[in-house]
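Enquirer:
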Amino acid sequence: MSETIIRMEQVNKWYGAFHVLKDINFAVNKGDKIVICGPSGSGKSTLIRTLNWLEAHQKGKITVNGIELHKKMKNIDAVRTDVGMVFQHFNLFPHMSVLQNLMAAPMWVRSASKEEARDIAMTYLERVRIAEQADKYPGQLSGGQQQRVAIARSLCMNPQVMLFDEPTSALDPEMVSEVLDTMVSLAEDGMTMVCVTHEMGFAKAVADRVVFMNAGEIIEEADPHSFFDNPTNERTKNFLGQILQH
Numbered sequence: 056m057s058e059t060i061i062r063m064e065q066v067n068k069w070y071g072a073f074h075v076l077k078d079i080n081f082a083v084n085k086g087d088k089i090v091i092c093g094p095s096g097s098g099k100s101t102l103i104r105t106l107n108w109l110e111a112h113q114k115g116k117i118t119v120n121g122i123e124l125h126k127k128m129k130n131i132d133a134v135r136t137d138v139g140m141v142f143q144h145f146n147l148f149p150h151m152s153v154l155q156n157l158m159a160a161p162m163w164v165r166s167a168s169k170e171e172a173r174d175i176a177m178t179y180l181e182r183v184r185i186a187e188q189a190d191k192y193p194g195q196l197s198g199g200q201q202q203r204v205a206i207a208r209s210l211c212m213n214p215q216v217m218l219f220d221e222p223t224s225a226l227d228p229e230m231v232s233e234v235l236d237t238m239v240s241l242a243e244d245g246m247t248m249v250c251v252t253h254e255m256g257f258a259k260a261v262a263d264r265v266v267f268m269n270a271g272e273i274i275e276e277a278d279p280h281s282f283f284d285n286p287t288n289e290r291t292k293n294f295l296g297q298i299l300q301h
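According to my numbering, the residues represented by the sequence shown are 56 to 301, in order.
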């Protein structure tokens, strides 16, 4: 049995009267590569943001590394240390160099010394093939380079699982491949990943499971071969028909 890192059981969330997540049951095991896809407004980003309590759910149960997420929890920082997150927008500190952006969390959260934090930062900048940009500021980098810095920053905390929320959707087309190549490389190294994306080529190449959401529900969940070649739900078929035409 694989070790379960994340488990969602009958999870529901509302924004006011809008029911954005409906009875979600979902598990992430160590080593899983999961792609979540679906039309805009289907709840994909909300789902992934509940996994490190950036969004609170109102009903059901979410457990991360044996810790249940709830309103009165005191150890959310421990959970977020284990669950790295890469957003659509890079969220780098513009007044800090690339190296300083990466050194910050190990020093602040893990009490690493400056020398230790620098070693960690350079290790992961090399890992995402951008070490030569260490002394530049985010504004001096391309979008693709900034997103790779954001990935490296998350890796500096040595997370057990990486969450990606549409990491390429804000990039110019020519920059998408450099970020996807980095993510493929992480997957090949065994990183546990949950990725919200419309990049179906990435899903085919990397995913163990593809999850399709529609109107707040998980409609279909299957291995890539079954999902792309033999989807069972009409809404999945319509979605794939539209997205694979583009």
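Built from N, CA and C at the ideal position, the CB exists for glycine as well.
Quantities reported herein were computed from a predicted structural model and do not represent experimental measurements.
By how many angstroms is the C-alpha of Tyr179 removed from the C-alpha of Gln215?
Expert: Looking up residue 215 in the sequence shown gives position 160. Looking up residue 179 in the sequence shown gives position 124. Each residue's alpha carbon lies about 15 Å from the other.
Enquirer: Please list, in chain order, all residues of the same chain as Leu147 whose beta carbon is under 7 Å from its beta carbon, the five residues on each side excluded.
Expert: In the sequence shown, counting from the first residue as 1, residue 147 sits at position 92. Cβ neighbours of Leu147 beyond the five flanking positions: Asn156, Pro193, Gln201, Val204 and Ala205.
Enquirer: Name the two residues that bound the continuous beta strand (DSSP E) containing Ala82.
Expert: Here the question's residue 82 lines up with position 27 in the sequence shown. From DSSP, the beta strand (DSSP E) with Ala82 extends over Phe73 to Asn84.
Enquirer: Could you name each continuous beta strand (DSSP E) segment of 3 residues or more that falls completely within the stretch 233 to 258, going from the start of the chain to the end?
Expert: With a minimum length of 3 residues, the continuous beta strand (DSSP E) runs that stay inside the stretch 233 to 258 are 247 to 251.
Enquirer: So for Arg184, helix, strand or coil by DSSP?
Expert: Reading the sequence shown from its first residue, position 129 is the one you call residue 184. Note: Arg184 maps to coil in three-state DSSP.
Enquirer: Assign His280 to buried or exposed, taking buried as 16 or more other Cβ atoms, counted over all protein chains shown, within 10 Å of its Cβ.
Expert: Position 225 of the sequence shown, counted from the first residue, corresponds to residue 280. It counts as exposed.
Enquirer: Taking buried to mean at least 16 other C-beta atoms within 10 Å of its own C-beta, is Gly271 buried or exposed?
Expert: Position 216 of the sequence shown, counting from 1, holds the residue named residue 271. The residue in question, Gly271, is buried, as its Cβ has 16 or more Cβ neighbours within 10 Å.
Enquirer: What three-state label does DSSP hand Asn293 in the structure shown?
Expert: Looking up residue 293 in the sequence shown gives position 238. Helix.
Enquirer: Would DSSP call Gly139 helix, strand or coil?
Expert: Your numbering for residue 139 matches position 84 in the sequence shown. Note: Gly139 maps to strand in three-state DSSP.
Enquirer: For Ile206, decide whether its Cβ has a neighbour in chain B, counting only Cβ atoms nearer than 7 Å.
Expert: Looking for chain B here will not work: only one protein chain is present.
Enquirer: Mind reading off the beta-carbon distance from Asn80 to His112? Whole number of angstroms is fine, and I expect it under 8 Å.
Expert: For the purposes of this step, residue 80 is taken as the residue at position 25 of the sequence shown. For the purposes of this step, residue 112 is taken as the residue at position 57 of the sequence shown. Incorrect: roughly 13 Å between the Cβ atoms, too far for contact.
Enquirer: Do you know whose CA, among Met212, Met177, Glu187 and Glu123, lies nearest Ser166's CA?
Expert: Working through the sequence shown from its first residue, we reach residue 166 at position 111. Checking every option, the nearest Cα to that of Ser166 belongs to Met212.
Enquirer: Got a sec, what are the start and stop residues for the beta strand (DSSP E) Gly98 sits in?
Expert: Counting from one through the sequence shown, the residue named residue 98 turns up at place 43. Premise fails: Gly98 is in no beta strand (DSSP E) and is neither H nor E.
Enquirer: Under 8 Å, with one C-beta from each stretch per pair, do the stretch 67 to 76 and the stretch 87 to 95 reach the 3-pair mark?
Expert: Output reads no: the stretch 87 to 95 does not touch the stretch 67 to 76.
Enquirer: Assuming Phe267 and Thr291 make a contact with CB atoms under 8 Å, what is their CB distance in whole Å?
Expert: The sequence position of residue 267 within the sequence shown is 212, counting from 1. The sequence position of residue 291 within the sequence shown is 236, counting from 1. At roughly 5 Å, the Cβ-Cβ gap stays under 8 Å, so Phe267 and Thr291 are in contact.
Enquirer: Cβ of Gly241 within 7 Å of Cβ of Ala189?
Expert: Sequence index remark: in the sequence shown, residue 241 carries index 186 (1-based). Sequence index remark: in the sequence shown, residue 189 carries index 134 (1-based). In the sequence on display, residue 241 carries Leu and not Gly. Contact: no.
Enquirer: My assumption, with CB atoms under 8 Å, is that Asn269 sits in contact with Gly93. Please give the rounded CB distance.
Expert: Counting from one through the sequence shown, the residue named residue 269 turns up at place 214. Counting from one through the sequence shown, the residue named residue 93 turns up at place 38. Right, the Cβ-Cβ distance comes to about 6 Å (below 8 Å), so this counts as a contact.
Enquirer: Taking the CB atoms as reference points, tell me whether Val261 and Val239 lie closer together than 7 Å.
Expert: Taking the sequence shown and counting its residues from 1, one reaches residue 261 at position 206. Taking the sequence shown and counting its residues from 1, one reaches residue 239 at position 184. Going by C-beta atoms, Val261 is nearer than 7 Å to Val239.
Enquirer: Please state whether the Cβ-Cβ distance between Arg62 and Thr105 is less than 7 Å.
Expert: Here residue 62 is taken as the residue at index 7 of the sequence shown, counted from 1. Here residue 105 is taken as the residue at index 50 of the sequence shown, counted from 1. Not closer than 7 Å, so no.
Enquirer: So Lys169 and Met162 are in contact, right, with Cβ under 8 Å, and what is the actual spacing, rounded?
Expert: Locating residue 169 in the sequence shown gives position 114, counting from the first residue. Locating residue 162 in the sequence shown gives position 107, counting from the first residue. With 8 Å as the limit, Lys169 and Met162 qualify as a contact, their Cβ atoms being about 7 Å apart.
Enquirer: DSSP on Trp163, reduced to helix/strand/coil?
Expert: Numbered from 1 along the sequence shown, position 108 holds the residue referred to as residue 163. Three-state result, Trp163: helix.
Enquirer: Let me make sure I understand the geometry here. Which of Met246, Gly199, Gly245 and Met248 has the alpha-carbon closest to that of Val231?
Expert: In the sequence shown, the residue the question calls residue 231 occupies position 176. Ranking Met246, Gly199, Gly245 and Met248 by Cα distance to Val231 puts Gly199 first.
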